[in-house]
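Residue numbers (my numbering), protein chains in the order written: chain Z, 17 to 178; chain P, 110 to 258; chain E, 126 to 237.
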Amino acid sequence: MIFAAIVAIEAKDLLSSVIAVGAVGFALCLAFLVLKAPDLAITQLVVEILCLIILIRATLKKDLPLVIEGRWFFNTISTLVFIAVFLFFAYTALKEMPAFGSPILGVARKYLEEGLTKTGSVNLVTAVILDFRAYDTLGEATILFTSVIGIMVVLRRPGRKK
Amino acid sequence: MSDNPKKGMSLIVKTVTRLTVGLILLFGIYIVLHGHLSPGGGFAGGVIIALCFVHLMLAFGKDVAVKKMSKNLASNLESIGALMFLSIALLGFFGGSFFLNILSKGRPFKLFSAGTIPLSNIAISLKVGVGLVAIFLALVVLENVKKEE
Amino acid sequence: MILYLLCLLLFCIGLYGVLRKRNLVKIIISLGIIEYAMNLFFILLGYRFQGRAPIEAPGQGIVNMVDPFPQALVLTSIVIGLAVTALVISIAIRIYERYGTFDITKIKRLKG
């Protein structure tokens with residue numbers, strides 16, 4: 017996955033970058049299957065396919081990237097400073113987390129024990145997103161609605177009279 | 110389905126699309142309806158239904174697909190999906206609080222169990238699927254309009 | 126523990142792409158890589174060794190399941206990421222029609 021990500025960023029042709037991002041997405045779907053999350057694997061696979069179609073629609077017949085020019089030293093130093101600050105905070109956070117493979121299950125213990133009796137649904141992830149946490153699903157529907165309106169407004173051609 | 114050899118892709122792609130697009134739609138509806146029994150749910154099923162329309166549009170050119178679902182129909186269906194989800198939520202007021210699951214919960218492992226969850230799955234899949242088809246229509250149709258100018 | 130570090134490395138690769146690249150579509154692709162890394166990190170938090178998927182089967186109890194709560198959060202996050210990518214790509218298409226190039230240094234200088 018990391019190798020495909022490096023190829024996606026450094027490739028000179030835009031079409032190769034898009035195909036490499038597709039490879040990262042498919043590898044992520046396999047990783048979800050290994051980590052025992054089948055809902056997410058199905059969703060990630062189909063969303064990755066749609067994302068590839070939209071990206072290719074934007075990059076076909078457009079120009080290729082240009083060479084780097086000027087102010088190269090300052091850019092490198094500031095990038096390294098950003099990444100160093102981020103790594104420091106990440107290291108501080110990683111020391112506090114529990115070991116890999118034994119989750120804390122503070123909130124989810126109640127969902128696991130009462131899921132079947134209170135909602136009657138066998139799939140516990142669906143029970144969580146549509147019954148215990150239905151507000152989040154309402155917010156997500158609002159986000160999709162807003163993005164559809166945004167795309168229709170941005171891509172409109174003014175003054176079309178038939 | 111038109112057989113115009115100038116629009117869309119080659120003949121092999123058109124024949125295979127004609128055979129499989131109905132199966133893809135059926136598979137998407139199956140994943141939505143069995144959302145509370147096996148992995149899947151509203152989001153994955155909605156995206157699969159959107160992919161079926163995108164497949165039609167890619168293989169046959171944009172005229173055939175626009176005849177099946179124009180932009181007005183897409184925006185109406187998406188609003189109906191969102192309103193259905195909100196009304197299922199407001200029905201919970203009869204039970205006692207917002208979003209309460211009030212229909213009867215039958216025995217587990219049956220198709221008609223689990224209260225309002227299958228209805229919510231259908232509403233969410235309608236909204237997500239038709240919303241993504243509307244996004245794709247906006248990206249494709251307006252591009253060709255610009256090229257004519 | 127080493128899986129957390131690999132996920133962090135993927136995030137850093139995406140961060141480098143956002144900060145350093147000049148082509149607009151490459152910046153959008155790096156944004157997508159950052160989002161994949163974050164989803165993977167959330168799922169890694171809830172894994173249990175020799176666990177089962179969080180779907181009940183007749184005859185087996187709930188003894189050994191992985192955590193279903195971060196899976197529910199990431200499920201909506203994946204679809205939201207698709208919507209955000211589509212919106213940003215449509216803005217990029219408009220920028221290309223207006224300025225004729227995808228280079229971000231040239232976009233700042235042209236006017237009108």
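C-beta atoms are modelled at their ideal positions from N, C-alpha and C, and glycine is treated no differently.
Buried or exposed: which applies to residue i, given that a residue is buried once 16 or more other Cβ atoms fall within 10 Å of its Cβ?
{"i": "residue 137(Z)", "result": "buried"}
{"i": "residue 192(P)", "result": "exposed"}
{"i": "residue 188(P)", "result": "exposed"}
{"i": "residue 107(Z)", "result": "exposed"}
{"i": "residue 158(P)", "result": "buried"}
{"i": "residue 174(E)", "result": "exposed"}
{"i": "residue 94(Z)", "result": "exposed"}
{"i": "residue 126(P)", "result": "buried"}
{"i": "residue 178(Z)", "result": "Unreliable placement is indicated for residue 178(Z), whose pLDDT of 45 sits below 50; no coordinate value is reported for it."}
{"i": "residue 185(P)", "result": "exposed"}
{"i": "residue 233(E)", "result": "exposed"}
{"i": "residue 131(Z)", "result": "buried"}
{"i": "residue 129(Z)", "result": "exposed"}
{"i": "residue 136(E)", "result": "buried"}
To the nearest whole angstrom, what separates the beta carbons of residue i and residue j, a pair I think is in contact under 8 Å?
{"i": "residue 200(E)", "j": "residue 152(P)", "result": "6 Å"}
{"i": "residue 204(E)", "j": "residue 163(Z)", "result": "Their Cβ separation, rounded to whole angstroms, is 10 Å, which puts residue 204(E) and residue 163(Z) out of contact at 8 Å."}
{"i": "residue 140(P)", "j": "residue 154(P)", "result": "4 Å"}
{"i": "residue 189(E)", "j": "residue 176(E)", "result": "5 Å"}
{"i": "residue 37(Z)", "j": "residue 157(E)", "result": "6 Å"}
{"i": "residue 233(P)", "j": "residue 169(P)", "result": "About 29 Å separates the two Cβ atoms, so there is no contact after all."}
{"i": "residue 165(P)", "j": "residue 130(P)", "result": "6 Å"}
{"i": "residue 140(E)", "j": "residue 104(Z)", "result": "The pair is not a contact, with the Cβ atoms about 14 Å apart (cut-off 8 Å)."}
{"i": "residue 96(Z)", "j": "residue 237(P)", "result": "That belief does not hold up - the Cβ atoms of residue 96(Z) and residue 237(P) are roughly 41 Å apart, past 8 Å."}
{"i": "residue 40(Z)", "j": "residue 57(Z)", "result": "Contact flag wrong, Cβ pair sits at about 15 Å."}
{"i": "residue 34(Z)", "j": "residue 72(Z)", "result": "6 Å"}
{"i": "residue 51(Z)", "j": "residue 129(E)", "result": "Actually they do not touch by this definition, with Cβ atoms about 13 Å apart."}
{"i": "residue 168(E)", "j": "residue 48(Z)", "result": "7 Å"}
Please report the distance separating the alpha-carbon of residue i from that of residue j.
{"i": "residue 17(Z)", "j": "residue 26(Z)", "result": "15 Å"}
{"i": "residue 90(Z)", "j": "residue 149(E)", "result": "20 Å"}
{"i": "residue 258(P)", "j": "residue 171(Z)", "result": "In this prediction, residue 258(P) scores a pLDDT of 37, lower than 50, which makes its location untrustworthy; the coordinate-derived value is nonetheless stated afterwards. C-alpha separation (whole angstroms): 15 Å."}
{"i": "residue 256(P)", "j": "residue 222(E)", "result": "In this prediction, residue 256(P) has a pLDDT of 43, which is less than 50 and means its spatial position is unreliable; nothing more can be read from the coordinates."}
{"i": "residue 215(E)", "j": "residue 245(P)", "result": "11 Å"}
{"i": "residue 70(Z)", "j": "residue 133(Z)", "result": "42 Å"}
{"i": "residue 141(Z)", "j": "residue 64(Z)", "result": "21 Å"}
{"i": "residue 167(Z)", "j": "residue 243(P)", "result": "9 Å"}
{"i": "residue 135(Z)", "j": "residue 150(P)", "result": "15 Å"}
{"i": "residue 219(E)", "j": "residue 240(P)", "result": "21 Å"}
{"i": "residue 231(P)", "j": "residue 143(P)", "result": "10 Å"}
{"i": "residue 194(E)", "j": "residue 145(Z)", "result": "9 Å"}
{"i": "residue 120(P)", "j": "residue 161(P)", "result": "19 Å"}
{"i": "residue 159(E)", "j": "residue 112(Z)", "result": "23 Å"}
{"i": "residue 122(P)", "j": "residue 167(P)", "result": "10 Å"}
{"i": "residue 62(Z)", "j": "residue 156(P)", "result": "7 Å"}
{"i": "residue 133(E)", "j": "residue 153(E)", "result": "19 Å"}
{"i": "residue 165(Z)", "j": "residue 166(E)", "result": "31 Å"}
{"i": "residue 238(E)", "j": "residue 206(E)", "result": "With chain E covering only 126 through 237, there is no way to say anything about residue 238(E)."}
{"i": "residue 231(E)", "j": "residue 146(P)", "result": "54 Å"}
{"i": "residue 196(E)", "j": "residue 180(E)", "result": "12 Å"}
{"i": "residue 28(Z)", "j": "residue 171(P)", "result": "31 Å"}
{"i": "residue 148(P)", "j": "residue 60(Z)", "result": "13 Å"}
{"i": "residue 143(E)", "j": "residue 124(P)", "result": "42 Å"}
{"i": "residue 125(Z)", "j": "residue 149(Z)", "result": "15 Å"}
{"i": "residue 229(P)", "j": "residue 158(Z)", "result": "15 Å"}
{"i": "residue 249(P)", "j": "residue 118(P)", "result": "16 Å"}
{"i": "residue 138(P)", "j": "residue 226(P)", "result": "15 Å"}
{"i": "residue 200(P)", "j": "residue 228(E)", "result": "52 Å"}
{"i": "residue 10(Z)", "j": "residue 45(Z)", "result": "Nothing about residue 10(Z) can be read from this structure; chain Z reaches only from 17 to 178."}
{"i": "residue 153(Z)", "j": "residue 135(P)", "result": "25 Å"}
{"i": "residue 139(Z)", "j": "residue 92(Z)", "result": "49 Å"}
Along the chain, where does the alpha helix (DSSP H) that runs through residue i open and close?
{"i": "residue 164(P)", "result": "151-169"}
{"i": "residue 191(P)", "result": "180-199"}
{"i": "residue 178(E)", "result": "Per DSSP, residue 178(E) belongs to no alpha helix (DSSP H) and is neither H nor E."}
{"i": "residue 155(E)", "result": "149-170"}
{"i": "residue 194(E)", "result": "194-224"}
{"i": "residue 161(Z)", "result": "150-170"}
{"i": "residue 129(P)", "result": "120-142"}
{"i": "residue 73(E)", "result": "Here chain E covers residues 126 to 237 and nothing more, so residue 73(E) does not appear."}
{"i": "residue 122(Z)", "result": "No alpha helix (DSSP H) holds residue 122(Z); DSSP gives it neither H nor E."}
{"i": "residue 141(Z)", "result": "140-143"}
Does the Cβ of residue i lie closer than 6 Å to at least one heavy atom of the ligand SAM?
{"i": "residue 183(P)", "result": "The model depicted lacks the ligand SAM and carries no ligand whatsoever."}
Note down, in chain order, every chain B residue with its Cβ under 9 Å from the Cβ of residue i.
{"i": "residue 179(P)", "result": "Looking for chain B here will not work: the only protein chains present are Z, P and E."}
4-residue-minimum alpha helix (DSSP H) runs that sit fully inside the segment 19-91 of chain Z, ordered along the chain: 30-50 and 54-75
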